[in-house]
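Right, one structure below, let's go through it.
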Amino acid sequence: MAIVLSCALSLPAAFRRREILAFHRRDAQEIAEAVAESGQEASLRKGLVWNGAPAHLQVRFVPDRVEASMVIDGAGDPAGDERFDAMVHRMLGLAQDVDAFERQHRGHPQVGALIGRQAGLRVPVAATP
Numbered sequence: 321m322a323i324v325l326s327c328a329l330s331l332p333a334a335f336r337r338r339e340i341l342a343f344h345r346r347d348a349q350e351i352a353e354a355v356a357e358s359g360q361e362a363s364l365r366k367g368l369v370w371n372g373a374p375a376h377l378q379v380r381f382v383p384d385r386v387e388a389s390m391v392i393d394g395a396g397d398p399a400g401d402e403r404f405d406a407m408v409h410r411m412l413g414l415a416q417d418v419d420a421f422e423r424q425h426r427g428h429p430q431v432g433a434l435i436g437r438q439a440g441l442r443v444p445v446a447a448t449p
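If you want our numbering, it's the 1-based position in the sequence shown plus 320.
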């Protein structure tokens with residue numbers, strides 16, 4: 321039996337979708353993950369393992385938010401919704417306090433200029449910590 325988890329997340333105003341999608345475009349053959357873009361929308365599809373079961377993640381980027389869903393081939397997980405939401409936050413770099421980092425280091429003599437040029441940049445990470 322397939323289980324479906326889903327969530328919708330608001331994106332910060334300075335969210336840099338292009339850089340997040342570039343990270344997930346590493347699979348040139350698009351076997352494990354694939355990115356598609358069309359106008360203001362984009363999507364990421366990714367195969368992964370969730371609680372030992374095969375799963376298919378889809379993240380749809382629309383202006384100002386993402387809509388994520390994952391179909392899992394296996395039994396449910398009582399904490400699945402919370403874990404799924406946390407995974408999507410982590411994958412998109414939304415768990416990083418970018419604003420606080422920029423405020424703290426913007427005046428630094430060596431990295432301040434770099435931070436100014438890359439404002440809002442988040443470090444995307446893999447689905448598993």
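No residue lacks a Cβ here, since even glycine has one placed at the ideal position from N, Cα and C.
Applying the 10 Å Cβ sphere with the 16-neighbour rule, what's the burial state of Ala342?
By the neighbour-count rule (16 or more Cβ atoms within 10 Å), Ala342 is not buried but exposed.
What does a CB cutoff of less than 8 angstroms around Val324 pick up in its chain, not counting 5 residues either side in sequence?
Counting only Cβ-Cβ distances below 8 angstroms, and skipping sequence neighbours, we find Ser389, Met390, Val391 and Ile392.
Which stretch, first to last residue, makes up the beta strand (DSSP E) that contains Ile272?
No statement about residue 272 is possible, as the shown extent of the chain runs from 321 to 449 and does not include it.
Which residues in the same chain as Glu387 place their Cβ atom closer than 6 angstroms to its Cβ, once the five residues preceding and following it in sequence are excluded?
Ala328 and Arg380.
Please state whether the Cβ-Cβ distance between Pro332 and Leu434 is less than 9 angstroms.
Contact flag unset, no.
Measuring CB to CB, does Ala352 end up less than 9 angstroms from Ser363?
For Ala352 and Ser363, no; Cβs fall outside 9 angstroms.
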